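Mapping to numbering that gives the first Met the number 0: the sequence shown position 220 is 219, numbers consecutive.
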Amino acid sequence: MAVNTSNIESSISTKELLREYSWYKDTFSSLIQGASDDFFTKNFRIEFIGLSKNINCLLNNESCFVTKIKINEEYDMFFRLTEKAINIILDKVLGKAKNKFNINKISELEAKIITAFNGYMYDAIKPKINQPDPKLLKRNNFDMINMTFILRNIEPESKEAGKIIVTLPLALLSPEQIESAGETFKNTDFPQSEIFVKVIMGKTKFSLYDIKNLEQDDVVVFENSDIQKMKLSIQGELLDIHLNPNMDLLIPEDSDNTTGGNSSMSDAHNIWDSIEVDMDAEFDAVKISLKELKNIEEGLVVDLTSLYDNNVTLKVEGKPIASGTLVIVNDRYGVKINKVIAASSGSTNDSSQQAAPEQGNNQEQYPAPEDNSTPENTQSEDTSGAEGQNNGDENDEDFDYSDFELEDENL
0 MAVNTSNIES SISTKELLRE YSWYKDTFSS LIQGASDDFF TKNFRIEFIG
50 LSKNINCLLN NESCFVTKIK INEEYDMFFR LTEKAINIIL DKVLGKAKNK
100 FNINKISELE AKIITAFNGY MYDAIKPKIN QPDPKLLKRN NFDMINMTFI
150 LRNIEPESKE AGKIIVTLPL ALLSPEQIES AGETFKNTDF PQSEIFVKVI
200 MGKTKFSLYD IKNLEQDDVV VFENSDIQKM KLSIQGELLD IHLNPNMDLL
250 IPEDSDNTTG GNSSMSDAHN IWDSIEVDMD AEFDAVKISL KELKNIEEGL
300 VVDLTSLYDN NVTLKVEGKP IASGTLVIVN DRYGVKINKV IAASSGSTND
350 SSQQAAPEQG NNQEQYPAPE DNSTPENTQS EDTSGAEGQN NGDENDEDFD
400 YSDFELEDEN L
């Protein structure tokens, strides 16, 4: 009887291994952990991390102690423990050695311990191995499956880890494949999928005097802005957005309540007032489709109508100082102030405190998904935010003018 090699290659394809991964993990993790607990009295934690038909990609040129166990006349299996894994085991079992462990100089006692442990793992796995079909020919080099486990000392202060690789003949296994319970994702659905991004209106230089005197209904004009272009921030990458401006936002320039980055500073009377800092204007996170994102990358003009009704936050050194709505003054974008956030110059904060960059200001923050399906680990991610309107980064401290106050001798 001939072996159908095409069926063998298909059975261990990457796509099939992905569907079978959960079965291997659920079936063999508990068996290997149980064997370790019985043999070494719960001194090690073993975790399943990999499944592959290629042994070379798992070892990465690491030295191993190999135990070959014969299942029958035609099939055998292998246990490979890396040098680091053996070192962790021996340090726990025999005590910390004075010299660094060298697998090429392993003693007879050490080899017996590892070989006995491998045999113990085989006894635990054996019930999951099918009896060979006598009608099948002997295996070839392409029908082996390699499972990789990470071994660690159970003590929390120990950070070292080693690998255990168990190699089994695929013909003696009956892995189960997971099946999708819902509708599969179609390629035609991709362009309509949505993602949260941040849109940056611009950046300009502002004096502390102008910032200190911001009031509600003032209009801050960004002299370096372009009404046909903004920046989009997605996962730290910046893209130019080419826009069709909404001219309904156009307001006449009014010298009484309009200020810009090129202020004449005629009312500034000291060095403190004349200090210039970078001011950024960014929108709350907005949701766009992947089709729109692709158009942005290709340089096409897009119509992000959601921007015009969205809140704009003015920031200095990543700290919010004011918020407002988008307006157009002549051929520049501006922000009409609705709320001044910055602390007054008479803040009770210690005036001698030095300004320091806030950690994490460059991290993207987006609102939570609308379906409220929050993964368990989202609390540790910097993706927090309320649904709907996002009123700036929650971790941002308010801007404090005392950060820039000078000592008397500097005036």
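Every residue, glycine too, gets a C-beta built ideally from N, C-alpha and C. In this text, all values refer to a predicted model and were calculated from it rather than measured experimentally.
- prompt: Can you tell which of Ile113, Gln227 and Ile270 has its C-alpha closest to the C-alpha of Pro244?
  reply: Gln227
field: alpha helix (DSSP H) segments (min. 4 residues) lying fully within the segment 8 to 67
entry: Taking only runs of at least 4 residues, the alpha helix (DSSP H) segments lying wholly in the segment 8 to 67 are 13 to 39 and 55 to 58.
- prompt: alpha helix (DSSP H) containing Thr114: first to last residue?
  reply: Glu107 to Ile124
Thr66 classed as buried or exposed, judged by whether at least 16 other C-beta atoms fall within 10 angstroms: Buried is the call here.
query: At which residues does the beta strand (DSSP E) containing Asp279 begin and terminate?
result: Glu275 to Phe282
query: For Leu231 versus Leu238, is the C-beta spacing smaller than 8 Å?
result: yes
query: Do Ile87 and Leu150 come within 8 Å of each other at the CB atom, strictly closer than that value?
result: Against a cut-off of 8 Å, the Cβ pair of Ile87 and Leu150 comes out as a contact.
- prompt: Under a three-way DSSP split, which group does Lys99 fall into?
  reply: Note: Lys99 maps to coil in three-state DSSP.
message: Once the 5 residues before and after Ser35 are set aside, which same chain residues still bring their CB inside 6 Å of it?
response: Closer than 6 Å at the Cβ level, and outside the excluded window around Ser35, lie Phe43 and Ile45.
- request: Within the same chain, show all residues whose beta-carbon is closer than 7 Å to that of Lys104, passing over the 5 residues directly before and after it, in chain order.
  value: none
- prompt: Counting pairs of Cβ atoms below 8 Å between the segment 277 to 295 and the segment 193 to 200, do you hit three or more?
  reply: yes
task: Check each candidate in Ile250, Asp225 and Gly298 and name the one with the smallest Cα separation from Arg331.
output: Cα-wise, what sits closest to Arg331 is Asp225.
query: Which class does Glu236 belong to by DSSP, given the choice of helix, strand or coil?
result: strand
query: Does the beta-carbon distance from Leu50 to Met143 come in below 8 Å?
result: no
query: In this structure, does DSSP put Glu296 in helix, strand or coil?
result: The three-state reading of DSSP puts Glu296 in helix, counting H, G and I together.
Nearest-angstrom Cα separation, counted from Gln191 out to Pro131: 50 Å
- prompt: Going straight from the alpha carbon of Lys111 to that of Glu236, what length do you get?
  reply: 55 Å
field: In DSSP terms, what Asp225 is bridged to
entry: Lys228
- request: For Tyr74, collect the residues of the same chain with a Cβ closer than 7 Å to its Cβ; drop the 5 residues on either side in sequence, then sort them by chain order.
  value: Pro131, Arg138, Pro168 and Leu171
- prompt: Is the CB-CB distance between Glu193 and Ser288 below 8 Å?
  reply: yes
- prompt: Are the beta-carbon atoms of Val276 and Phe205 separated by less than 8 Å?
  reply: yes
field: For Leu248, three-class secondary structure by DSSP
entry: helix
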